[in-house]
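Numbered by this note's numbering, the letters in the sequence shown go through residues 6 to 191 in order.
Even glycine gets a Cβ: it sits at the ideal position worked out from N, Cα and C.
Beneath this line is the structure, given in structure tokens, with notes to follow.
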Amino acid sequence: MTKTTIALDVDGVLADFNTRMRHVMAEEYGFLDPNTLKIVQWDFNHAYGLTKAEEKHLMSRIFDSNDHFPPMPGAIEGVQGLVERGHDIIITTARKDPANTQEWLELNGLDFITPYHIDLEEAPEFDYLLDDSPKKIGKLRGNIKKQAFLFDSRQNEDCTDIFNQWIRVFGWDGFLDHLDTTGYGS
Ligand SMILES: [Mg+2]
């Protein structure tokens, strides 16, 4: 088996950002039921009519704690599956606070992952990327040696792959199945 390096995004791939966001929005803006909040895009100014300052405040609140910040369904088992196949795992995230990310990894038993909490400018090369953001896939284009996978989400479902940059996968099971059936990562 050829050893490969797989880069994983945090929010929307490992960590359930939307659940944390709903919790914070409910606290900040007083929704009775956080589940009524629709999260349809990343541009929160546009989606909710927030000012830039309000958006900045919201983002800092989301990352000030790991309370109500569960893993994505299947993420923990998925990472374990990749590790068992002998792959190296790194993290590529645009998050600003390494300490919060490190705490999240520890809380979820994933702190064995090579701690590349990185500035994207400093990202190394890797074979595969699993990310839910087309913007980040584009940004990391020069770092991806083999293939990017777009983790399907409500926020990216209408995005069009004009450069054939990614393969869309549905959940962790979909990603792992894809690796198995295509021979990627083996
Ligand atoms: Mg993400």
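- In the three-state scheme derived from DSSP, where H, G and I count as helix and E and B as strand, R159 is classed as coil.
- As the crow flies, the alpha-carbon of F22 is around 18 Å from that of E82.
- Between I142 and A153, the beta carbon gap of about 5 Å places them in contact (Cβ cut-off 8 Å).
- Counting C-beta atoms within 10 angstroms of its own C-beta, A12 has 16 or more neighbours from the protein chains shown and is therefore classed as buried.
- Put simply, of G91, G79, L112, F68 the residue whose alpha carbon is nearest the alpha carbon of T98 is F68.
- With a beta-carbon spacing of about 5 Å, V29 and R66 fall inside the 8 Å limit used to define contacts.
- Here the C-alpha atom of P39 lies approximately 5 Å from the C-alpha atom of R27.
- Chain order is used for the residues whose beta-carbon lies nearer than 7 Å to a heavy atom of ligand 1, namely D14, V15, D16, G17, V18, F22, D136, D137, S138, K141.
- By the neighbour-count criterion, in which 16 or more other beta carbons inside 10 Å mark a residue as buried, D136 falls on the buried side.
- Three or more Cβ pairs drawn from the stretch 70-87 and the stretch 169-183 lie within less than 8 Å of each other, which places the two stretches in contact.
- Rounded to the nearest angstrom, the gap between the Cα atoms of L115 and A20 is 11 Å.
- The C-alpha of L145 lies about 20 Å from the C-alpha of T106.
- Bridge partners of L135 according to DSSP: L13, F154.
- In the DSSP assignment, P76 forms a beta bridge with A20.
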